[in-house]
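Heads up: the structure comes next, in structure tokens.
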Amino acid sequence: MKVGFWGFGNMGRAVARGLERAGVGRENFIVSVKSKTSKEKLLKEGYSVLPLEGVALASDVLFLAVKPKDLFEVAKAAAPYARGKLLVSLLAGTDLETLKRAFPQAKVVRTMPNLAVSVGKGLWGVTFSPDLSEEEKRKVVDLLSKTGKVFELEESLMDAFTALAGSGPAFAAELLDALAQGGVKLGFKYQTALEAVLALFEGTVALLKEEGLHPALLRDRVSSPAGTTVYGLSVLYSKAVKGALMEALEAAAKRAKELKKG
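The sequence shown begins at 1457 in the numbering used here and counts up by one.
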């Protein structure tokens, strides 16, 4: 399968890295970029680099990975070549209606990935235009699944998914850093504390998944009467940490809607 990229910024590269990690050879990628410097760099890295129309014609699946502001500029130059193509948009805040207006003859898929796709642990929110067949949907999902977990969503949930999956890594990183800094306060070197916290999160996630536990049940299992855990939890409750995290997601989702409106 030939995979094309219109644009190859952070997210486009992340998707390509994830696919390579899953065994898709770099020789299967065809890329179009604007700058001569980027083109020369990609050629040195072993990518095939073609004009917009060349990428479209040579690709089985085409990722739209330009900046949202460049959408209609790209469409003006290349929309006719996307006719009948599976066009997977990575553009944040750009809905199916806008994408179909830009590429009326393409089979459009709106997605919201996060950067963890580069290591095969990403999240994808996906919504399909009505003209895709079930076989075409499966083809897209099978490809994206090589880089992470895919959630097929109603389009009305895509802004919320942007907050959860797109902004979520930043929130998780903040929590990880806070716990590591807490370890430093207790006397550990930062690197030691961070390694311990990363292992803590990995182990907790593995336990929740393997046993199918609700997080609250695991919390209660770890907490004993008048023990260390419940004393620590009481501080989190007094500081309304859970509420703050929920509000952070709401704020990010609200901002995603605002950005979409321009």
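Heads up, the beta-carbon is just placed ideally off N, CA and C, and yes, glycines get one too.
| Check | Outcome |
| --- | --- |
| Just to confirm, is the Cβ distance from Arg1539 to Asp1551 under 8 Å? | no |
| Could you check whether Leu1542 and Glu1592 sit closer than 8 Å to each other, using their CB atoms as the reference points? | yes |
| Starting from the Cα of Ser1545, find the closest Cα among Lys1532, Gly1624, Val1517 and give me that residue. | Val1517 |
| Can you list, in chain order, the residues of its chain whose CB lies under 7 Å from that of Asp1587, leaving out five sequence neighbours each side? | Lys1563 |
| In angstroms, rounded to a whole number, what distance separates the CA positions of Arg1557 and Lys1710? | 24 Å |
| Would you kindly work out how many angstroms separate the C-alpha atoms of Met1614 and Gly1643, rounded to a whole number? | 43 Å |
| Where do the ends of the alpha helix (DSSP H) carrying Phe1617 lie? | 1614-1617 |
| Compare the C-alpha of Tyr1503 against each of Gln1637, Pro1569, Val1489 and name the closest. | Val1489 |
| With a floor of 4 residues, list each alpha helix (DSSP H) that falls wholly inside the segment 1576-1615, ordered by position along the chain. | 1590-1600 |
| Relative to the C-alpha of Ala1533, which candidate in Met1568, Thr1554, Phe1559, Ser1515 has its C-alpha closest? | Phe1559 |
| Does the contact criterion of 3 or more C-beta pairs under 8 Å hold for the segment 1565-1583 versus the segment 1606-1624? | yes |
| Assuming Ala1649 and Ala1636 are in contact, meaning their beta carbons sit under 8 Å apart, how far apart are those beta carbons, in whole angstroms? | 4 Å |
| Skipping 5 residues on each side, what residues in its chain have a beta carbon closer than 7 Å to that of Ala1704? | Phe1627 |
| DSSP has Leu1520 in a bridge; who is on the other side? | Trp1462, Ser1545 |
| Taking a contact to mean a Cβ-Cβ separation below 8 Å, would you say Thr1707 touches Gly1549 in this structure? | One detail in the question is off: residue 1707 reads as Ala in this sequence, not Thr. Cβ atoms of Ala1707 and Gly1549: not closer than 8 Å. |
| Taking the continuous alpha helix (DSSP H) assigned at Met1568, which residues delimit it? | Run containing Met1568: none in the alpha helix (DSSP H); it sits in the beta strand (DSSP E), 1563-1569. |
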